[in-house]
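Residue numbering for the sequence shown follows the numbering used here, beginning at 447 and increasing consecutively.
Where is the CB? At the ideal position from N, CA and C, for every residue including glycine.
Only one structure is covered here, and it is reproduced in the block below.
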Amino acid sequence: FPGTAACESIRVDTNVLSISNPGTANFSLQSAPAFSGDYYFILGSASGTIPGFDIGAVHLPLNYDWYFDTIGGIPNGSIFINTFGTLSATSGGAAQLALPAGVPPVLVGSELYHSYLILENPTFNIIGASGTALITLIL
Numbered sequence: 447f448p449g450t451a452a453c454e455s456i457r458v459d460t461n462v463l464s465i466s467n468p469g470t471a472n473f474s475l476q477s478a479p480a481f482s483g484d485y486y487f488i489l490g491s492a493s494g495t496i497p498g499f500d501i502g503a504v505h506l507p508l509n510y511d512w513y514f515d516t517i518g519g520i521p522n523g524s525i526f527i528n529t530f531g532t533l534s535a536t537s538g539g540a541a542q543l544a545l546p547a548g549v550p551p552v553l554v555g556s557e558l559y560h561s562y563l564i565l566e567n568p569t570f571n572i573i574g575a576s577g578t579a580l581i582t583l584i585l
């Protein structure tokens, strides 16, 4: 499998979330049917996509930072919903970011990039990564 899976995509139904009127962003993960039954794991970065980093032969187009640790550390909770799951042949996968009340105003203007890793079932070997989806936090 060559690096980042160019045919794997992540889309989001809104490009902005308001900290004064919290809402939910819905992610749609598209993947090739060959990945049906493999796992996905959504990660994020508040510091951009360049240079990103390599995990073995796979390039993840996210920079490592506090948001990466946050989203990676609490998957499938009340804020990062279904961010770890199993890809299906027909629908890929779906997840949500449910912005809670009380987000500090200092985060207004933050650009949160998201991508997902594909992990082989049952070995959990990383075999691919998606492109990115951007959500900007507004007042």
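Check: At least 3 beta-carbon pairs within less than 8 angstroms: the stretch 506-513 vs the stretch 486-494; Outcome: yes
Check: Gln-476 versus Pro-521, Ile-564 and Thr-470, residue with shortest Cα-Cα distance; Outcome: Ile-564
Check: Integer Cβ distance of Ile-584 from Val-554, believed to fall under 8 angstroms; Outcome: 6 angstroms
Check: Contact set for Pro-546: own chain, Cβ-Cβ below 7 angstroms, skip 5 residues either direction; Outcome: Pro-468 and Ile-525
Check: Outcome for Ile-581 when other beta-carbon atoms lying within 10 angstroms are tallied against a minimum of 16; Outcome: buried
Check: Nonlocal neighbours in the same chain, by C-beta distance under 8 angstroms from Asn-461, ignoring five residues either side; Outcome: Leu-580, Ile-581 and Thr-582
Check: Cα-Cα separation between Leu-543 and Asn-472, rounded to whole angstroms; Outcome: 7 angstroms
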